[in-house]
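One structure below.
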Amino acid sequence: SQELEQSPQSLIVQEGKNLTINCTSSKTLYGLYWYKQKYGEGLIFLMMLQKGGEEKSHEKITAKLDEKKQQSSLHITASQPSHAGIYLCGADYRGDYKLSFGAGTTVTVRA
Amino acid sequence: SAVISQKPSRDICQRGTSLTIQCQVDSQVTMMFWYRQQPGQSLTLIATANQGSEATYESGFVIDKFPISRPNLTFSTLTVSNMSPEDSSIYLCSVARLAGGEQFFGPGTRLTVL
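Protein chains in written order, with my numbering: chain H, 682 to 792; chain U, 160 to 273.
Below is the structure:
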């Protein structure tokens with residue numbers, strides 16, 4: 682089974698609505714990274730979480746890491762068309778910056 | 160953040176040939192990595208590019224197929240050797256600074272092997 686599970690696989694949201702993506706690890710994380718990818722392009726760094734219970738926000742995006750450091754969520758408030766893309770979580774298990782990625786969540790924002 | 164460029168951005172190659180991909184960073188970084196993203200898949204780490212020494216490869220990847228160089232702290236190359244259609248992927252380099260822990264990715268090189 683996968684070490685890192687991302688859900689949902691895809692979602693469609695009406696513009697202005699909120700959305701949440703989850704990333705669950707079968708092992709304790711050293712760090713958890715969130716990225717956004719436009720189709721066929723490079724990854725845009727969103728946030729990195731390292732401490733249990735940590736929460737970070739940037740503009741309308743908030744990421745949280747649970748106390749056990751095995752689950753993270755990414756929440757987008759009042760989604761806009763610019764939020765459309767593929768969201769990837771990447772796990773650092775050993776503190777060596779080598780990332781294992783989830784399968785990704787495709788977000789579509791409908792006007 | 161770090162500004163990362165990759166060359167070429169895309170290429171179409173014949174099977175049996177080799178392609179070298181370049182990754183340039185605008186500042187000195189400690190860690191550089193190479194990832195592969197196969198069509199419809201997520202990213203898989205190929206290797207860590209070590210400055211002045213041999214790269215460290217992940218399980219399933221070997222130096223003969225993916226030789227890597229890193230002559231200094233801002234530049235690295237990945238060669239995809241003796242290519243087959245299964246090598247068609249996006250290849251991305253990433254960099255990380257030990258301070259802060261953030262990791263940034265290049266724009267990727269889209270490779271198609273015919």
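Even for Gly, the Cβ is constructed at its ideal location relative to N, Cα and C.
Residues of chain H with CB closer than 7 Å to the CB of T236(U), please, in chain order. Simply none; closest approach about 17 Å.
Buried or exposed: which applies to Y194(U), given that a residue is buried once 16 or more other Cβ atoms fall within 10 Å of its Cβ? buried
Do we get a CB-CB distance below 8 Å when we pair R269(U) with the residues of chain H? yes
In chain H, which residues lie with their C-beta within 9 Å of the C-beta of I222(U)? Ordered by position in chain H, no residue passes the 9 Å Cβ test against I222(U), which lies about 17 Å from the chain.
Does DSSP put D185(U) in a helix, in a strand, or in coil? coil
Going by Cα to Cα distance, which pick from L730(H), G766(H), H756(H) and A759(H) is closest to Y711(H)? L730(H)
Give me the Cα-Cα distance between F234(U) and K166(U), rounded to the nearest whole angstrom. 11 Å
Can you grab the Cα-Cα spacing for the pair A784(H) / L232(U), in whole Å? 31 Å
Within 8 Å (strictly less), CB to CB, does F225(U) reach chain H? Chain H, which has no Cβ nearer than 8 Å to the Cβ of F225(U), makes this no.
Please return the same chain residues whose Cβ sits closer than 6 Å to the Cβ of M728(H), not counting the five positions on each side in sequence. Hits under 6 Å: W715, K737 and A744.
Any Cβ of chain H within less than 8 Å of the Cβ of S201(U)? yes
Should Q690(H) be flagged as near chain U, meaning a C-beta pair shorter than 8 Å? no
Which chain U residues sit within Cβ distance under 8 Å of E722(H)? P266 and G267
Would G259(U) and I163(U) be called neighbours here (beta carbons separated by less than 8 Å)? no
Residues that Y714(H) contacts on chain U, provided the C-beta gap is smaller than 7 Å: Q262
Just to make sure I have the definition right: I need the residues of chain H whose C-beta is within less than 9 Å of the C-beta of T207(U). Which are they? D777, Y778 and K779
Within the continuous beta strand (DSSP E) that includes S754(H), where are the two ends? Q752 to I757
Of all Cβ atoms in chain U, is any one closer than 8 Å to the Cβ of G734(H)? no
Closer than 7 Å, Cβ to Cβ, to anything on chain U: give me those residues from the region 757–771 of chain H, in chain order. L769
Check for me: the beta strand (DSSP E) holding T789(H) runs from which residue to which? T786 to R791
Examine the Cβ distances between the region 694–712 of chain H and the region 752–770 of chain H and report whether three or more of them are shorter than 8 Å. The region 694–712 of chain H makes contact with the region 752–770 of chain H: 3 or more CB pairs, one atom from each, lie closer than 8 Å.
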